[in-house]
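Take a look at the structure set out below.
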Amino acid sequence: MTRCIFAGAGRVGIGQEVIEPGFQISQRADFFEAEVGLETTLRRPIINTRDEPHANPDLHRRLHVIIGDANMSHRMTYLKMGATAIVLSMIESEFLKVDFELYDPVTSMHLVSHDYKFETKQRLRDGSEMSALEMQKHYQRSAAEFLVATRDEDPMSHDVVQLWGRILQTLETNPMSLVGEVDWITKLSIMNGYRNREQMLWNDSRLAAIDIQFSDLRPDKGLARVLQQKGKMEIMFSEEQISQAVANPPTDTRAYFRGNCVSKYVDQVAAASWDSVILDLGDQIPLKRISTPDARGGTELATAQLFAQSSSAEQLLANLTPAHILE
Numbered sequence: 005m006t007r008c009i010f011a012g013a014g015r016v017g018i019g020q021e022v023i024e025p026g027f028q029i030s031q032r033a034d035f036f037e038a039e040v041g042l043e044t045t046l047r048r049p050i051i052n053t054r055d056e057p058h059a060n061p062d063l064h065r066r067l068h069v070i071i072g073d074a075n076m077s078h079r080m081t082y083l084k085m086g087a088t089a090i091v092l093s094m095i096e097s098e099f100l101k102v103d104f105e106l107y108d109p110v111t112s113m114h115l116v117s118h119d120y121k122f123e124t125k126q127r128l129r130d131g132s133e134m135s136a137l138e139m140q141k142h143y144q145r146s147a148a149e150f151l152v153a154t155r156d157e158d159p160m161s162h163d164v165v166q167l168w169g170r171i172l173q174t175l176e177t178n179p180m181s182l183v184g185e186v187d188w189i190t191k192l193s194i195m196n197g198y199r200n201r202e203q204m205l206w207n208d209s210r211l212a213a214i215d216i217q218f219s220d221l222r223p224d225k226g227l228a229r230v231l232q233q234k235g236k237m238e239i240m241f242s243e244e245q246i247s248q249a250v251a252n253p254p255t256d257t258r259a260y261f262r263g264n265c266v267s268k269y270v271d272q273v274a275a276a277s278w279d280s281v282i283l284d285l286g287d288q289i290p291l292k293r294i295s296t297p298d299a300r301g302g303t304e305l306a307t308a309q310l311f312a313q314s315s316s317a318e319q320l321l322a323n324l325t326p327a328h329i330l331e
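Numbering (the numbering used here), first residue to last: 5 to 331.
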């Protein structure tokens with residue numbers, strides 16, 4: 005709920021129907037109306053309880069996160085995913101000893117998003133108050149302690165925690181210096197420039213257009229994309245690397261098996277999903293379903309030779325063993 009202070013994408017207008025002019029940190033915060041629930045389009049909950057692991061339910065559970073904005077900043081996407089992964093690891097290990105039970109989580113979520121100057125504190129169940137920045141700093145310190153306690157030597161985990169700390173410190177001391185790195189601050193800087201130059205109010209429709217144009221994915225239209233091309237918004241991956249990732253699945257998950265089935269036997273694949281590939285071998289033959297319940301199965305190491313030896317879907321089925329798709 006509070007990670008939007010670094011991972012928010014920024015939005016013009018306050019309220020679902022923009023009932024007030026202004027700017028806020030998160031695009032999605034105002035659209036949440038419940039604490040817990042199954043819905044994703046009506047009465048959206050902060051905690052979504054949809055029980056669809058799309059993998060072996062005895063081994064995996066799925067955290068269906070719908071409160072996060074889509075970032076244009078590579079660095080904030082990296083931090084958002086990395087920090088969330090570490091917090092989940094702390095929870096699973098029962099390491100996290102935090103009691104930030106909010107008195108009214110939904111209202112607090114809205115208030116945190118509306119407070120881009122970090123001037124308000126949120127009321128907790130025990131009657132105390134904490135700001136979103138204070139909560140995030142506590143999580144970041146806990147994450148650093150967790151890596152030490154578990155002797156985690158993964159360089160990416162340590163990089164995430166260091167980045168997390170730097171961003172929080174800068175948000176506290178000089179937030180506008182994060183232009184080009186944090187989405188909502190970059191967007192706010194652009195809009196303030198237009199507002200000052202053109203004497204615009206927050207309810208000016210041109211600002212709403214800029215809001216939308218900022219996240220346009222077209223290289224020649226999107227404001228963030230243009231800033232990235234000009235070196236004014238940091239990138240972590242080149243266009244070539246991104247294109248490569250779009251066209252080629254990762255080699256160390258079941259996505260490798262699924263992706264190669266689709267590319268190699270495209271005319272015989274009836275459907276493909278998270279946990280299965282369905283093959284159509286002809287009119288007189290029932291559809292064949294290959295279950296892929298293991299997220300770490302079906303890797304390049306396990307299946308490269310299988311695909312090399314299987315020129316057709318029929319041969320794939322004949323050569324396939326559980327060892328190919330189960331870790």
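The beta-carbon is built from N, C-alpha and C at its ideal position, and this holds for glycine as well.
For clarity, every value in this text was computed on a predicted model and none was experimentally measured.
Cβ neighbour criterion (16 or more within 10 Å) applied to residue i
i: Val-186; result: buried
i: Ile-216; result: exposed
i: Pro-49; result: buried
i: Ser-132; result: exposed
i: His-64; result: exposed
i: Ala-136; result: buried
i: Asp-298; result: buried
i: Val-102; result: exposed
i: Asp-73; result: buried
Residues sharing a beta bridge with residue i, DSSP
i: Gln-248; result: Its beta-bridge partners do not exist; DSSP assigns none.
i: Gly-41; result: Asn-52
i: Gln-28; result: Arg-15
i: Arg-262; result: Its beta-bridge partners do not exist; DSSP assigns none.
i: Ile-329; result: Answer is none; Ile-329 lacks a bridge partner.
i: Ala-275; result: Ile-282
CA-to-CA distance, residue j to residue i, given in whole angstroms
i: Leu-172; j: Ala-274; result: 48 Å
i: Ile-289; j: Glu-318; result: 11 Å
i: Phe-311; j: Cys-265; result: 8 Å
i: Ser-219; j: Gly-226; result: 6 Å
i: Gly-14; j: Ile-214; result: 11 Å
i: Pro-326; j: Glu-56; result: 23 Å
i: Met-160; j: Ile-90; result: 11 Å
i: Tyr-198; j: Pro-109; result: 34 Å
i: Leu-283; j: Leu-320; result: 10 Å
i: Asp-156; j: Arg-145; result: 15 Å
i: Phe-122; j: Trp-188; result: 14 Å
i: Ala-251; j: Glu-243; result: 12 Å
Residue of the options minimising C-alpha distance to residue i
i: Leu-100; options: Pro-290, His-118, His-142; result: His-142
i: Thr-45; options: Glu-39, Asn-60, Ile-18, Phe-35; result: Phe-35
i: Ala-11; options: Pro-326, His-78, Thr-307, Gln-166; result: His-78
i: Met-180; options: Thr-53, Ala-249, Arg-47, Tyr-120; result: Tyr-120
i: Met-5; options: Ala-327, Asp-287, Ala-38; result: Ala-38
i: Thr-190; options: Val-270, Val-230, Asp-156; result: Val-230
i: Leu-175; options: Val-164, Ile-194, Ala-153, Glu-138; result: Glu-138
i: His-68; options: Lys-125, Leu-42, Leu-83; result: Leu-42
Residue i Cβ short of 7 Å to the ligand GTP heavy atom set
i: Gly-86; result: Although the ligand GTP was asked about, the structure shown includes no ligands whatsoever.
Whole-Å CB distance - residue i paired with residue j, under 8 Å assumed
i: Gly-184; j: Met-237; result: 5 Å
i: Pro-25; j: Asn-200; result: Going by Cβ atoms, the distance from Pro-25 to Asn-200 rounds to 16 Å, so no, they are not a contact pair.
i: Ser-280; j: Arg-293; result: 5 Å
Any chain D beta carbon closer than 8 Å to residue i
i: Glu-123; result: Given the protein chain composition of this structure (a single chain), no chain D is represented.
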